[in-house]
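Residue numbers (the UniProt record's numbering): 1 to 217.
Think of the CB as a built atom: it goes at the ideal place given N, C-alpha and C, for glycine as much as any other residue.
Working notes for the structure below.
Structure (structure tokens):
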């Protein structure tokens, strides 16, 4: 579990590609203070497991499904990535609850300066946008942000100076792909609603409940 508050920007040092997977080594400093084998580190918002580490770098494995649904497939040596260690019990929850399980990707449509802030517009498919609400939380490449505007095919966030400096988002280019994780609540509500509708379908037929509902009993 993570908060979406980026601790450090790491640099990809080496990528060993399999047929559809990858082993990725990332150079870092701050998050290496207490790293252990098997630790979870959110890398561009993706929960990945440390398989090896030294004093200034760690290695993770990305399985085929992760490569398919995230922007890890676009990484190359020298790419910068957002990093966050797993949340400790007792820490302040400054962002929002982030699982590190990416729902899909979006693309940067444009940037617009607004005094000390920068507006970032991101396009996404309906399968993502249906979970996004105005003023709700969204995780973009692992960064917890608030949805400031919402349209039919895109949404916007406003980036404060500290977030501009401490994450990779405003350093990207128009058209670049970003990882998106929607708030968990909407997905749970959708799933419960689906089960409720399925239960209604299964109960169809003439029984005592049907007779009561239709005024025959």
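Check: How about residue 139 and residue 180: are their beta carbons less than 8 angstroms apart?; Outcome: yes
Check: Quick one: which unbroken alpha helix (DSSP H) runs of 4-plus residues sit fully inside the segment 127-183? Chain order, please.; Outcome: 161-166
Check: From this set, 197, 178, 185 and 147, which residue's C-alpha is nearest residue 74's C-alpha?; Outcome: 178
Check: Leaving out five residues on either side along the sequence, give the residues of the same chain with a beta carbon under 7 angstroms from the beta carbon of residue 102.; Outcome: 45, 46, 69, 70, 179, 180 and 181
Check: Take residue 54 as the anchor and find which of 79, 62, 27 and 76 has the nearest alpha-carbon.; Outcome: 27
Check: Using the C-alpha atoms, what's the distance from residue 21 back to residue 58?; Outcome: 17 angstroms
Check: Drop a sphere of 10 angstroms on the beta-carbon of residue 220, count the other beta-carbons inside from all chains shown, and report buried for 16 or more, exposed for fewer.; Outcome: There is no way to answer for residue 220, as the model of the chain reaches only from 1 to 217.
Check: Once the 5 residues before and after residue 35 are set aside, which same chain residues still bring their CB inside 7 angstroms of it?; Outcome: 50, 53 and 58
Check: I need the straight-line Cα distance from residue 190 to residue 136, nearest angstrom please.; Outcome: 16 angstroms
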